[in-house]
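This report refers to the structure that appears directly beneath it.
Number of protein chains: 2
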Amino acid sequence: MGNEKPRQRRNTRIRQAIIKSAVEIIHHEGVAALSIRRIADAIDYSPASIYEYYANKDAILQAVCEEGFAKLTEALNDYPPQSDIRLATRECGVQYVRFAVSNPDYFLLLFSNMGNQVYRSPEVSFDTQLLNSPAFMVIHTHIQAMIAAGHCVVTPSYGSFQIALSAWQMVHGIAMLALTMQRHGPLDYSVIRATLDAWQRGFAPHGARKELL
Amino acid sequence: MGNEKPRQRRNTRIRQAIIKSAVEIIHHEGVAALSIRRIADAIDYSPASIYEYYANKDAILQAVCEEGFAKLTEALNDYPPQSDIRLATRECGVQYVRFAVSNPDYFLLLFSNMGNQVYRSPEVSFDTQLLNSPAFMVIHTHIQAMIAAGHCVVTPSYGSFQIALSAWQMVHGIAMLALTMQRHGPLDYSVIRATLDAWQRGFAPHGARKELL
DNA sequence: TCAAAAAACCGAACATTGTTCAATAAATAT
DNA sequence: ATATTTATTGAACAATGTTCGGTTTTTTGA
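For the protein sequence lines, the chains are A and B, in the order given.
Note that the numbering used here gives residue 350 to position 146 of the first sequence, counting from 1, and the numbers run on in steps of one.
Note that the numbering used here gives residue 273 to position 69 of the second sequence, counting from 1, and the numbers run on in steps of one.
Right, dumping it as structure tokens:
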């Protein structure tokens, strides 16, 4: 691999430059400031040339989102090692919120365009589609470990998938409301940890209530 | 009250017509289809005239959001009477999700513009700002009743406010992910109810685990 | 009642957006 | 070296939010 024609290499290099400048514009000035002409300026091309590499603005945003989801997946694993699976799972959730609040416009963009992103092929079920999404896989793996360690009770109608989805919904709600409401003023991560502890307790087996940390 | 000058009445009537047509456009064709010229067409005015009633498009969207939050607050109480506070609280959460999925663009708009909506005056703390928001008050009231009935454990650092916020975060996450991912295909509300039950269990006192319904 | 003042309304324009297309410049193939 | 394919662009189009000067309508006050 890696030995394509020079033309191919130039093509992909320019494509990368396009989405790189797009990401930078979004990060520094918000998604509202992103325009084809801004990108063209940044990479010293004419606006019309951009359309030689991406069909339209939406295609660019989609590429930006793909990279965004990859970065999010990375971030989910970027926490110090923990002694207990429950703590690790909790910190994974904290990382989700942290990523959101440190890349607000980026994060919001991810989940505005996600409809086109993930669930694009209606022939594949929502569940399998999700289970193949790397970001969800990280969460799902944590939940499976929790179940294996006896920290989560599963029922026939509510298994590891549902629990993982619930975990995602929980951290996503925390992140979203933090972004749209608490944007001013810093977050109290100890409260967030307490919230995630409560979430875990909801799935813990009866009688298991010893406190962590 | 109600006996203002005719000019005042006309003024407010036109203002109402503007946001009413805006709501309809959003509801039928999505927020992307909303433009000043579309509104002007709908109410038989010129585009320029709109600016006699609202400073700019953002001001219109803000007015739409205010109405949206009022409708959301209404919807939160629009469920059949329940025998148990826990069931009522759960149905309130279901209503939140229901409102979101039956008014997707509307709902997404609410929480894109919410930064400007609620937390606008930095001198008032986030907590008191939230506690004065009607939609949050509905949730908070439910949680207070749950606490009073002994279904929720409170600690010095995690009281009714934090629990209510957590409840909002939970349902908001469910709604948001449903909107951006499960937009195709209907929701399984029995799974959502199970999720909300698990959430409640997380705050239930030790040893209280009898199943509801 | 009727002129003056104020308010409401609109046509035309401006700047900015995404996007297209014919024409030109560059790269590649023969 | 020439023909052909590819890359690039300037200019234009339509749609957007918004402004402004002027015109029409309404209210005011004598």
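Ideal placement from N, C-alpha and C gives every residue a C-beta, glycine not left out.
Local Cβ density within 10 Å of residue i, reported as buried at 16 or more and exposed below that
i              : result
V342 (chain B) : buried
N307 (chain B) : buried
H346 (chain B) : buried
S239 (chain B) : exposed
A236 (chain A) : exposed
G389 (chain A) : exposed
Y300 (chain A) : buried
A352 (chain B) : exposed
R211 (chain B) : exposed
H376 (chain B) : buried
Q366 (chain B) : buried
Y255 (chain B) : exposed
H232 (chain B) : exposed
Q220 (chain A) : exposed
R290 (chain A) : buried
E295 (chain A) : buried
G206 (chain B) : Note that G206 (chain B) scores 47 on pLDDT, short of 50, meaning its location in the model is unreliable; the coordinates nonetheless yield the value given after this. Classification of G206 (chain B): exposed, given that the 10 Å Cβ count is below 16.
A339 (chain A) : buried
I222 (chain B) : buried
A304 (chain B) : buried
Y393 (chain A) : exposed
H344 (chain A) : buried
P409 (chain B) : exposed
A274 (chain B) : exposed
R302 (chain A) : buried
T293 (chain B) : buried
Rounded Cβ spacing between residue i and residue j (contact assumed at less than 8 Å)
i              : j              : result
G272 (chain B) : L313 (chain B) : 7 Å
A364 (chain B) : V358 (chain B) : The residue you asked about is not Ala; residue 364 (chain B) is Ser in the sequence shown. That pair is a contact at about 7 Å.
A259 (chain B) : P251 (chain B) : With a Cβ gap of about 14 Å, A259 (chain B) and P251 (chain B) do not count as contacting.
F315 (chain A) : M380 (chain B) : 7 Å
S370 (chain A) : T399 (chain B) : 5 Å
V298 (chain B) : I396 (chain B) : 6 Å
W403 (chain B) : W403 (chain A) : 7 Å
F311 (chain A) : L383 (chain A) : 7 Å
Short CB-CB distance (under 8 Å) between residue i and chain B
i              : result
T384 (chain A) : yes
T293 (chain A) : no
F407 (chain A) : yes
A398 (chain A) : yes
L238 (chain A) : no
Q299 (chain A) : no
L381 (chain A) : yes
Q212 (chain A) : no
Residue i, enclosing alpha helix (DSSP H) - first and last residue
i              : result
L314 (chain A) : 308-316
A279 (chain B) : 261-280
V395 (chain B) : 393-407
T216 (chain A) : 210-233
G363 (chain A) : From DSSP, G363 (chain A) is part of no alpha helix (DSSP H); its letter is neither H nor E.
I247 (chain B) : Where I247 (chain B) is concerned, there is no enclosing alpha helix (DSSP H), given that its DSSP letter is neither H nor E.
M385 (chain A) : Looking at the DSSP string, M385 (chain A) is not in any alpha helix (DSSP H), and its letter there is neither H nor E.
V342 (chain A) : 338-352
Q333 (chain B) : 330-335
Interface flag, residue i vs chain A, CB-CB below 8 Å
i              : result
I378 (chain B) : yes
S306 (chain B) : no
G206 (chain B) : Low per-residue confidence applies at G206 (chain B): pLDDT is 47, beneath 50, and the placement is therefore not dependable, though the value from the model is reported in the following sentence. No, its Cβ sits nowhere closer than 8 Å to a Cβ of chain A.
M350 (chain B) : no
F273 (chain B) : no
Q373 (chain B) : yes
E228 (chain B) : no
Partners in chain A for residue i, counting only beta-carbon separations shorter than 7 Å
i              : result
S370 (chain B) : T399, A402
Contacts that residue i makes with chain A (C-beta to C-beta distance below 8 Å)
i              : result
G354 (chain B) : Near G354 (chain B) there are no residues of chain A at all, since even the closest Cβ is about 16 Å away, more than 8 Å.
V395 (chain B) : S361, Y362, Q366
F311 (chain B) : Those within 8 Å of F311 (chain B) in chain A number zero; the least Cβ separation is about 12 Å.
F303 (chain B) : Within chain A, no residue comes near F303 (chain B); the closest Cβ sits about 15 Å away, beyond 8 Å.
Within chain B, partners of residue i - CB distance below 8 Å
i              : result
L265 (chain A) : Within chain B, no residue comes near L265 (chain A); the closest Cβ sits about 13 Å away, beyond 8 Å.
M341 (chain A) : Those within 8 Å of M341 (chain A) in chain B number zero; the least Cβ separation is about 15 Å.
Proximal residues of chain B, C-beta to C-beta of residue i below 9 Å
i              : result
G234 (chain A) : Correct list: empty, because the minimum Cβ distance to chain B is about 12 Å.
Contact test: residue i Cβ vs the ligand FMN heavy atom, cutoff 7 Å
i              : result
A402 (chain A) : The model depicted lacks the ligand FMN and carries no ligand whatsoever.
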